[in-house]
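Student: First the structure, then my questions, so here it is.
Numbering (my numbering), first residue to last: -12 to 356.
Below, the structure is given as structure tokens:
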């Protein structure tokens, strides 16, 4: 186990503050804290570095999501950094997310001793991040209508849409990180953007959870079904929530809800709690055990999810269950095949570009049967 762990924050008025430390007897001076920040500000991405500072081996974890906080771990002289780096990144990720949510609730000793971690962003969360940046969502809409586009042309289009200077690579990053688009140089000069996946965000009925409740919690099963039915299929004249209907209106409630779903899924703590409830209803203490989150944080997240009609609370049993199951899923954009053919015939793209696009589609979906 590490010799010590601490969380340091750069406050605009007070300078460096050690917000949490374990053990509490740990002492640090201003020089060490300055050097920690100097070491880690070199890269603007989630990062774990090992630095030798004032005779201490300090592993420093930071994330651009929390720009003024760092989780630092003092390693023993014989401790192998390569063997512990995944665990240190996971615990750093969790500690920063918890500090951002409620710094007073953190029990650093408990987290360190339990080895609690927060996994890297899931594929579903990467898809959700596309809708968190307006320019990324705009690019997705453009690629859905074009299928394949020259990067230079796409950049001009985006600038015209937002009426401002926009870094195409930055706006494209969520689409590329999630594998929705691929950017490649075809030939010597043509940098092309290919749509290789499309995505669909919606609320699914919590079928698995309802089945599990019927098997293990008969006391809530019937009421649970009633709650879910009232949301998805209420009696007329209410229309309920039907994600299977085609949606063309940009002001559609389901499109508006997609952005809300994206925010819920992209938030790490929300996602951990929500995902823990997908298989079955649980008490807040069960969710806490399953996620390794403090129960106070779990309750706070559950109340927030309840206000968004994601979970429902059965007060008498003190059990929480999914009312709706927010999902963002990818699928093959078969609709672009005629576009590719049309663009070749009208000489908008070369046969080489078309062939490469088909190869990318096959790579992503050819073996998924």
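Ideal Cβ positions, reconstructed from N, Cα and C, are used throughout, including at glycine.
Report yes or no: do the region 96 to 105 and the region 282 to 295 share at least 3 C-beta pairs separated by less than 8 Å?
Tutor: No: fewer than three Cβ pairs fall under 8 Å.
Student: Quick one: residues in its chain with C-beta nearer than 8 Å to the C-beta of residue 23, no 5 flanking neighbours on either side, listed in chain order?
Tutor: Closer than 8 Å at the Cβ level, and outside the excluded window around residue 23, lie -5, 38, 40, 45, 47, 57 and 59.
Student: Could you give the residue range of the alpha helix (DSSP H) that holds residue 95?
Tutor: Residues 95 to 101.
Student: Quick one: give me the first and last residue of the alpha helix (DSSP H) that residue 367 is part of.
Tutor: The question about residue 367 has no answer here: the residues shown for the chain are numbered -12 through 356.
Student: State the DSSP-derived secondary structure class of residue 166, mapped to helix, strand or coil.
Tutor: Residue 166 falls in the coil class under three-state DSSP.
Student: If residue 6 and residue 90 are in contact, beta carbons under 8 Å, what's the gap, nearest whole angstrom?
Tutor: Contact holds; Cβ gap of about 6 Å.
Student: Does residue 189 come out as helix, strand or coil in the three-state DSSP assignment?
Tutor: Residue 189: strand per DSSP, three-state reduction.
Student: In three-state DSSP terms, what is residue -7?
Tutor: In this structure, residue -7 counts as strand in the three-state DSSP scheme.
Student: Distance check for residue 19 and residue 168, CA to CA, integer angstroms please.
Tutor: Straight-line Cα distance between these residues: approximately 43 Å.
Student: Residue range of the alpha helix (DSSP H) that residue 113 falls in?
Tutor: Run containing residue 113: 110 to 116, per the alpha helix (DSSP H) assignment.
Student: Classify residue 179 as helix, strand or coil using the three-state DSSP reduction.
Tutor: Strand, per DSSP.
Student: Opposite residue 7 in the DSSP bridges: which residues?
Tutor: -6.
Student: Which residue comes first and which comes last in the alpha helix (DSSP H) that contains residue 259?
Tutor: Residues 255 to 264.
Student: Do residue 314 and residue 266 count as a contact pair if the criterion is CB distance below 8 Å?
Tutor: Against a cut-off of 8 Å, the Cβ pair of residue 314 and residue 266 comes out as no contact.
Student: Which residue or residues does DSSP assign as beta-bridge partners of residue 172?
Tutor: 178, per the DSSP bridge assignment.
Student: Are residue 317 and residue 264 close, meaning C-beta to C-beta below 8 Å?
Tutor: Not in contact: residue 317 and residue 264 (Cβ atoms no closer than 8 Å).
Student: So for residue 34, helix, strand or coil by DSSP?
Tutor: Reduced to three states, the DSSP call for residue 34 is strand.
Student: Count the other CB atoms within 10 Å of the CB of residue 162; is the residue buried (16 or more) or exposed (fewer)?
Tutor: By the neighbour-count rule (16 or more Cβ atoms within 10 Å), residue 162 is buried.
Student: According to DSSP, is residue 338 helix, strand or coil?
Tutor: If DSSP states are grouped into helix, strand and coil, residue 338 belongs with the helices.
Student: In whole angstroms, give me the CA-to-CA distance for residue 10 and residue 219.
Tutor: Between residue 10 and residue 219, the C-alpha separation is close to 51 Å.
Student: Judging by CA-CA distance, which residue of 223, -2, 4 and 339 is the nearest neighbour of residue 176?
Tutor: It is 339.
Student: Mind checking residue -12: buried by the 16 CB within 10 Å criterion, or exposed?
Tutor: Per the 10 Å Cβ criterion, exposed.
Student: Bridge partners for residue 137 per DSSP, in chain order?
Tutor: Note: residue 137 sits in a beta bridge opposite 179.
Student: Measure from the alpha carbon of residue 295 to the alpha carbon of each residue in 203, 252, 270 and 281, then state which is nearest.
Tutor: Taking only the C-alpha atoms, the option nearest residue 295 is 252.
Student: Relative to the C-alpha of residue 14, which residue among 126, -1, 2 and -7 is closest?
Tutor: Nearest C-alpha to residue 14: -7.
Student: According to the Cβ coordinates, are residue 363 and residue 124 closer than 8 Å?
Tutor: Any question about residue 363 goes unanswered here, given that the chain covers just -12 to 356.
Student: Can you list, in chain order, the residues of its chain with a C-beta nearer than 6 Å to that of residue 275? Leave out the 5 residues immediately preceding and following it.
Tutor: If we look at residue 275 and ignore the five residues flanking it on each side, its Cβ neighbours are 282 and 285.
Student: Kindly indicate which residue of 112, 305, 270 and 261 has the alpha-carbon position closest to the one of residue 297.
Tutor: Nearest C-alpha to residue 297: 261.
Student: To which residues does DSSP link residue 57 through a beta bridge?
Tutor: Beta-bridge pairing links residue 57 to -5.
Student: Determine the direct distance from the alpha carbon of residue 223 to that of residue 357, and round the result to whole angstroms.
Tutor: Any answer about residue 357 is impossible in this case: the structure gives the chain only from -12 up to 356.
Student: What residue does the alpha helix (DSSP H) around residue 285 start on, and which one ends it?
Tutor: Segment 282 to 294, the alpha helix (DSSP H) holding residue 285.
Student: Taking the beta strand (DSSP E) that residue 48 falls in, what are its first and last residues?
Tutor: Residues 43 to 49.
Student: Does DSSP put residue 297 in a helix, in a strand, or in coil?
Tutor: Reduced to three states, the DSSP call for residue 297 is coil.
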